[in-house]
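Protein chains in written order, with the numbering used here: chain B, 145 to 389; chain U, 145 to 389; chain Z, 145 to 389; chain W, 145 to 389; chain H, 145 to 389; chain V, 145 to 389.
Where a beta carbon is used, it is the ideal one built from N, C-alpha and C, also for glycine.
Encoded as structure tokens, the structure appears first; notes follow it.
There are 6 protein chains.
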Amino acid sequence: MADFIRADGRSVNQLRPLRFQNHIAPYAAGSTLIEWGKTRVICAVTIEESVPRWMKEQKVTGGWLTAEYSMLPYSTLERKPRDISKGKLDGRSSEIQRLIGRSIRAAVNLEKFGPRTVCVDCDVLQADGGTRTAAITGAFVALSLAVKKLIAEKKLVESPLLASVAAVSIGIVEGRALLDLCYTEDVAATVDMNLVMNAAGEFIELQGSGEEATFTEAQLAELIATGKAGIRDLLVAQQAAITQG
Amino acid sequence: MADFIRADGRSVNQLRPLRFQNHIAPYAAGSTLIEWGKTRVICAVTIEESVPRWMKEQKVTGGWLTAEYSMLPYSTLERKPRDISKGKLDGRSSEIQRLIGRSIRAAVNLEKFGPRTVCVDCDVLQADGGTRTAAITGAFVALSLAVKKLIAEKKLVESPLLASVAAVSIGIVEGRALLDLCYTEDVAATVDMNLVMNAAGEFIELQGSGEEATFTEAQLAELIATGKAGIRDLLVAQQAAITQG
Amino acid sequence: MADFIRADGRSVNQLRPLRFQNHIAPYAAGSTLIEWGKTRVICAVTIEESVPRWMKEQKVTGGWLTAEYSMLPYSTLERKPRDISKGKLDGRSSEIQRLIGRSIRAAVNLEKFGPRTVCVDCDVLQADGGTRTAAITGAFVALSLAVKKLIAEKKLVESPLLASVAAVSIGIVEGRALLDLCYTEDVAATVDMNLVMNAAGEFIELQGSGEEATFTEAQLAELIATGKAGIRDLLVAQQAAITQG
Amino acid sequence: MADFIRADGRSVNQLRPLRFQNHIAPYAAGSTLIEWGKTRVICAVTIEESVPRWMKEQKVTGGWLTAEYSMLPYSTLERKPRDISKGKLDGRSSEIQRLIGRSIRAAVNLEKFGPRTVCVDCDVLQADGGTRTAAITGAFVALSLAVKKLIAEKKLVESPLLASVAAVSIGIVEGRALLDLCYTEDVAATVDMNLVMNAAGEFIELQGSGEEATFTEAQLAELIATGKAGIRDLLVAQQAAITQG
Amino acid sequence: MADFIRADGRSVNQLRPLRFQNHIAPYAAGSTLIEWGKTRVICAVTIEESVPRWMKEQKVTGGWLTAEYSMLPYSTLERKPRDISKGKLDGRSSEIQRLIGRSIRAAVNLEKFGPRTVCVDCDVLQADGGTRTAAITGAFVALSLAVKKLIAEKKLVESPLLASVAAVSIGIVEGRALLDLCYTEDVAATVDMNLVMNAAGEFIELQGSGEEATFTEAQLAELIATGKAGIRDLLVAQQAAITQG
Amino acid sequence: MADFIRADGRSVNQLRPLRFQNHIAPYAAGSTLIEWGKTRVICAVTIEESVPRWMKEQKVTGGWLTAEYSMLPYSTLERKPRDISKGKLDGRSSEIQRLIGRSIRAAVNLEKFGPRTVCVDCDVLQADGGTRTAAITGAFVALSLAVKKLIAEKKLVESPLLASVAAVSIGIVEGRALLDLCYTEDVAATVDMNLVMNAAGEFIELQGSGEEATFTEAQLAELIATGKAGIRDLLVAQQAAITQG
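Structure below.
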């Protein structure tokens with residue numbers, strides 16, 4: 145099946161080209177513009193020197209990490225109105241930013257951040273499928289850059305990072321498991337999975353969904369295997385981006 | 145490991161007691177109060193004789209199905225303020241109602257509903273863990289009762305139902321995979337999974353999440369196996385509730 | 145006029161059948177599902193161990209009691225969208241919950257609650273007229289159960305309850321004063337009155353309204369007399385429900 | 145008891161001085177500034193040449209009348225933040241504007257307005273008790289002025305007004321029934337009643353409320369008798385204001 | 145060009161008639177109803193004995209002054225829905241209230257107010273062009289009355305007022321610079337300017353805008369010269385109103 | 145005075161370095177990232193093939209152009225919460241987007257766009273003063289790129305652009321008129337002016353504001369002269385960016 149060539153020339157288990165443009169937002173503690181195929185997401189990490197009220201009330205020590213996700217209105221082929229113009233956060237955005245938060249929290253030891261709130265913002269500049277996986281993958285780079293800076297500024301003595309985290313989508317399109325779906329593939333997919341893993345090969349989050357369809361245990365196994373290989377490639381690219389600073 | 149006895153007396157792969165009180169809300173087309181251990185969710189299906197505007201604009205035929213999920217303020221040990229008092233839908237509720245919608249849509253052929261909107265409402269009366277899986281499992285019963293009624297009223301000629309759908313949670317607590325977590329187990333779990341499957345043994349949705357933790361492929365396999373067995377028991381209980389009418 | 149038989153078989157001064165299903169929401173301090181004809185309302189009382197900020201600022205001692213009222217979306221024959229989907233509380237709900245709050249506050253000595261907030265929640269499961277009077281009548285039962293529990297738990301040494309409170313609607317339909325209107329009678333009524341009274345035969349609240357109509361002093365007297373008799377029956381039913389625990 | 149002199153020099157059944165300054169808002173179809181003691185309310189009626197969507201959908205003919213009530217931020221001794229700064233309509237305002245709407249609708253034959261919406265706006269410039277009764281009493285004057293104008297402009301051939309409508313508050317303060325409470329009396333009252341009546345001596349709305357207190361049937365009778373006398377005086381003052389144009 | 149006679153009989157550099165009705169809202173610390181041609185704006189100043197949180201946090205001493213602007217729904221020929229009915233502040237209102245705030249802050253030494261918040265409220269009763277300049281001009285009168293009162297009450301020892309502030313609009317209509325545009329002139333203007341100046345002849349704010357048009361440096365000079373003359377007349381009228389008390 | 149050297153090495157009438165990165169958001173019809181000193185704003189133009197409802201109702205022909213402005217949360221040194229998290233648009237953002245809209249509308253003949261809505265979005269990536277002037281200056285580049293594309297796609301036969309539009313800030317700091325203020329200069333300025341001009345040397349918008357200060361006619365003249373020179377340099381840079389495509 146590996147011989148199948150996708151509309152954009154990729155093989156079934158090939159990622160779209162990946163590029164990081166670090167420091168896109170220099171006032172953030174760390175930031176990167178992840179370009180993954182035609183998908184582009186600004187990932188920025190800012191640090192607040194306080195923790196949410198519930199942590200104080202419940203006397204939880206250490207820091208907190210929260211994430212926000214938004215699609216810029218010009219990120220889609222048809223303009224997407226801003227949340228504020230409708231007065232409420234889009235349900236899909238809410239779901240995605242909760243996923244980003246859980247995924248990145250699994251990458252850090254919050255205790256080591258001290259009484260700080262780490263804010264991860266992901267703003268989609270162009271959406272061609274896989275914006276949530278791009279957001280997670282880019283957010284880890286932005287966070288790593290922020291940690292470097294905090295250490296350089298002597299605000300942290302040791303890194304709170306546990307292991308690199310990356311995410312990829314996999315889907316079943318016309319019966320084939322495809323890695324890293326672009327938008328047209330995503331629309332055609334009968335099953336859609338998002339996989340978040342770390343550098344130790346462990347799962348952080350696994351979400352498989354058959355919108356108006358179902359999938360078998362064999363398909364699940366194939367999707368996971370395909371995704372795991374993709375994650376390995378992503379971790380390499382991430383590391384290069386972080387090292388380059 | 146099957147010898148391990150949980151705090152509430154259950155074995156690791158045993159469901160909490162399940163009971164359905166149908167027609168709890170008689171003005172709905174179909175409704176049931178699912179009582180699953182101490183968790184209680186009102187599931188009600190209402191039918192609107194129209195479809196959302198986007199379907200008309202995009203000339204999509206058939207019907208639509210949408211879901212809403214809410215926790216009643218007295219469903220938790222500490223009172224939970226209503227969404228309206230904060231002016232916005234809770235992020236968790238938004239995520240759960242999207243999951244319910246996808247899960248139940250996978251159970252039906254929307255085309256066969258004709259130009260109608262099927263509204264699935266799930267209101268939690270008591271929350272002791274597993275409210276989203278109770279909502280999905282109960283919603284399918286409520287939907288089945290609604291379909292019976294529509295057929296009896298000659299509004300439908302054949303059933304749009306494809307296969308029964310049920311959902312269960314599984315988690316890893318102190319290294320053990322446990323079926324159907326109650327609240328205290330849920331809080332202690334390092335990995336939390338929700339599994340939605342149909343009567344054909346196919347997956348509809350699989351969400352595994354290691355909040356501030358990770359899981360291995362072996363653990364994933366054990367979680368899935370444990371969950372599948374639970375789903376089988378649920379489908380039997382659902383069928384009994386639907387037959388009883 | 146007492147010979148007149150209403151569409152549902154009742155005489156003009158007869159209540160619809162009344163039933164209380166206590167402890168419908170066991171995590172509340174007290175709760176009951178009041179079924180009054182086809183009208184069904186979940187009444188639940190929860191206790192917060194703090195008082196509103198304005199009481200602290202104004203140095204008011206004792207407790208506070210507040211009420212919220214909501215119609216579940218499947219409580220009406222045509223689905224009623226949730227308040228949160230419109231982003232604001234319905235004007236009618238706002239008016240009703242203020243009435244419930246005033247009525248139940250008149251039943252208690254707030255000073256004796258200590259620095260606590262008593263939250264009364266009324267959620268309509270089925271609406272066939274008289275939901276506000278059912279909410280008040282049920283709320284007093286739920287509150288009584290909550291007080292019993294607080295006394296049993298030694299959180300209160302004596303009961304803050306002053307006298308039982310019940311409410312009933314009365315209306316003029318085709319020139320006749322009818323007790324306890326169902327929905328179709330309510331729609332047909334030219335005058336609509338809600339009466340809240342206590343076990344001492346005193347008035348707590350009296351609201352008579354001639355929507356696009358008027359009423360005379362003689363009609364007012366007849367409405368009050370009819371209502372008072374209904375209240376007496378309600379107080380008996382309430383007492384039975386409270387005693388049964 | 146009539147010998148009792150109130151703090152402001154009035155007898156128990158005496159109204160505060162009443163004055164109407166018509167045409168305060170000349171772009172409205174009709175408007176008046178009612179000054180009633182220290183209470184001042186701008187009442188303005190505007191006409192829209194269309195009806196609400198629900199009337200079209202339900203094929204209801206004739207016109208509609210709706211009311212809005214708001215307290216200007218400088219109307220109280222302590223500045224009251226605008227509703228918009230809190231993002232939602234105050235519960236009390238919502239309740240009052242519903243009362244104004246019902247009361248004024250009872251004064252007109254909506255059918256005769258043709259397919260128009262009559263908007264009654266009441267903005268409180270100074271609040272010294274009785275703002276809702278001032279709003280209703282002033283609104284009827286503003287409406288009468290608007291009807292005169294519509295007839296003069298040949299937009300209406302005959303008046304849709306049925307009978308004059310006025311409203312007054314009555315309360316029990318230190319055991320005495322007092323007519324037309326000012327703010328300090330309102331705060332001290334154990335029972336508070338609002339009475340809306342028409343020129344035919346009929347009741348339109350009667351709301352008696354014992355906030356944290358109760359009242360007997362004898363007290364109710366006294367309150368009503370006191371209020372009825374006040375209404376008669378109000379109707380005379382209204383008529384003078386309308387005639388003066 | 146001075147011979148040109150405008151539709152309402154004025155010369156090009158003539159203001160509309162101006163009148164102040166002080167103490168329109170007696171519970172405010174200072175208030176006036178400015179009537180300027182057919183434009184009418186209620187300007188009221190209230191004082192809160194506290195400062196905004198940001199001042200405390202940033203340890204800024206002295207007082208603060210903030211402004212709010214709103215159009216009453218019956219101030220326009222076609223009824224304007226209230227902000228609260230749309231759930232958000234109108235963009236134009238937001239812009240105007242920021243302008244009023246800046247303009248009036250330039251008239252005072254905030255330090256001398258002590259730790260107080262001065263709230264300037266401007267509510268438009270009738271809108272015939274120039275409502276923002278009327279709001280500023282009237283607000284200064286209301287503020288002066290409030291300062292007089294605070295001094296009389298010994299709450300202030302010396303006046304925090306620096307210099308009188310007034311505002312006027314100027315526009316280019318059919319090539320001519322016209323002072324103080326009424327609504328129909330405003331609609332016809334290709335260039336619209338608002339000028340805020342003080343009694344020392346200094347500029348506080350200058351906003352010139354060519355909506356879908358442009359203007360030259362020569363036109364700018366003429367607009368400013370015309371406006372300056374108007375400001376002089378306004379300052380005289382203001383002073384008379386303040387003196388009269 | 146021209147010898148004065150500013151903190152960042154510039155002379156008093158020197159712009160900060162300017163750079164345009166076109167096509168930053170390729171799904172927009174036209175887009176550019178304007179980098180002006182440390183200020184960075186994403187400007188994107190999207191086209192909707194419809195016009196607002198009010199244009200249809202008022203039968204206005206041609207197109208419409210609207211603008212939105214937002215600061216990304218990581219654009220400031222201290223994280224700025226998103227508008228949606230507070231539920232309402234920031235007053236300053238509202239004012240700025242209205243200015244952008246007016247300025248860009250003055251640059252086009254809307255009639256020639258046909259029945260389309262041109263949406264101009266400006267999102268600030270980094271804020272170091274002058275974000276509104278950067279937004280206007282960048283928006284004109286993005287619009288020019290969009291017009292080129294529409295002509296290339298034969299959707300427009302001729303350009304609706306009338307003249308290039310650019311904007312710059314000028315301020316008085318320690319008595320000196322400075323061109324193009326950075327953030328620290330902006331904070332220190334006693335007078336702040338924004339100037340929007342076109343390639344014909346005409347004014348489109350002029351806003352001078354002395355927050356808690358004033359300015360004289362001589363200072364106004366100096367500010368305008370300084371600004372005009374800056375605009376000329378900006379127009380050259382813009383043209384180069386547009387030509388490069």
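- The way I'd put it, the segment 313-321 of chain B does touch the segment 335-345 of chain B; three or more beta-carbon pairs between them come closer than 8 angstroms.
- What U/L254 touches in chain Z, judged by beta-carbon distance under 9 angstroms, is nothing: the nearest beta carbon there is about 18 angstroms away.
- Across the segment 267-301 of chain V, CB contacts with chain B closer than 7 angstroms involve D267, L269, Q270, in sequence order along the chain.
- One finds nothing in chain B with a Cβ atom closer than 8 angstroms to the Cβ of U/E222; even the nearest lies about 12 angstroms away.
- A Cβ-Cβ distance of about 5 angstroms is found for the pair B/A283 and B/I248, placing them in contact under the 8 angstroms criterion.
- Contact between the segment 292-300 of chain H and the segment 220-237 of chain H is absent: fewer than three C-beta pairs spanning the two stretches fall below 8 angstroms.
- Our two residues, U/K293 and U/Q202, have alpha carbons roughly 30 angstroms apart in a direct line.
- Interface flag for H/C326 against chain W is unset, since no Cβ pair is found closer than 8 angstroms.
- Contact annotation, V/A321 with V/L367: C-beta distance approximately 5 angstroms; criterion of less than 8 angstroms satisfied.
- A contact is defined here as three or more CB-CB pairs under 8 angstroms, and the segment 150-157 of chain H fails this definition with respect to the segment 245-260 of chain H.
- With a minimum length of 4 residues, the unbroken runs of alpha helix (DSSP H) contained wholly in the segment 169-217 of chain U fall at 197-201.
- For B/A321, the beta-bridge partners assigned by DSSP are B/I316.
- In this structure, H/E239 and V/S214 do not form a Cβ contact; the two beta carbons are roughly 16 angstroms apart against a cut-off of 8 angstroms.
- Z/T176 places its beta carbon less than 8 angstroms from that of Z/V285.
- For the options H/V185, H/R260, H/C326, H/L378, the alpha carbon positioned closest to that of H/A169 is the one of H/V185.
- Secondary structure at U/V340: strand, using DSSP grouped into helix, strand and coil.
- Residues of the segment 353-365 of chain U that bring their beta carbon within less than 9 angstroms of a beta carbon in chain B comprise S353, G354, E355, E356, A357, T358, F359, T360, E361, Q363, L364, in sequence order.
- At a cut-off of 8 angstroms between C-beta atoms, U/S194 does not count as an interface residue with respect to chain Z.
- For the options B/A310, B/E355, B/T370, the alpha carbon positioned closest to that of B/A385 is the one of B/A310.
- For Z/E349, the closest Cβ of chain W is nearer than 8 angstroms.
- Within the segment 215-244 of chain H, contact with chain W at the beta-carbon level (separation under 7 angstroms) is assigned to L216, P217, Y218, S219, T220, L221, R223, R226, D227, I228, G231, L233.
- With its beta carbon at least 8 angstroms from every one in chain V, B/Y213 lies outside the interface.
- Across the segment 152-164 of chain H, no CB contact with chain V closer than 7 angstroms is found for any residue.
- By the rule that beta-carbons nearer than 8 angstroms mark a contact, Z/A188 does not touch chain W.
- Residue pairing by DSSP leaves V/S155 without any beta bridge partner.
- Between the segment 192-206 of chain Z and the segment 179-194 of chain W there are fewer than three C-beta pairs closer than 8 angstroms, too few to call the two in contact.
- Of U/G371, U/G389, U/D234, U/V268, the smallest CA-CA separation from Z/A172 is found for U/V268.
- With respect to B/V156, B/L323 sits close: the two C-beta atoms are nearer than 8 angstroms.
- A distance below 8 angstroms separates the beta carbons of H/Q241 and H/E212.
- Judged by DSSP secondary structure, W/D267 falls within the beta strand (DSSP E) whose first and last residues are 261-270.
- In this structure, DSSP gives W/G352 an extended state, which the three-state scheme calls strand.
- Interface flag for U/D265 against chain Z is set, since a Cβ pair is found closer than 8 angstroms.
- B/R276 sits buried, since 16 or more C-beta atoms from the chains shown fall within 10 Å of its C-beta.
- The beta carbon of B/V189 sits closer than 8 angstroms to those of A172, A173, G174, S175, V262, C263, V264, D265, A283, A286, L287, L289, A290, all from its chain and outside the five residues before and after it, given in chain order.
- Think of a sphere of 8 angstroms around the beta carbon of B/I168: the chain V residues whose beta carbon falls inside it are L269, in chain order.
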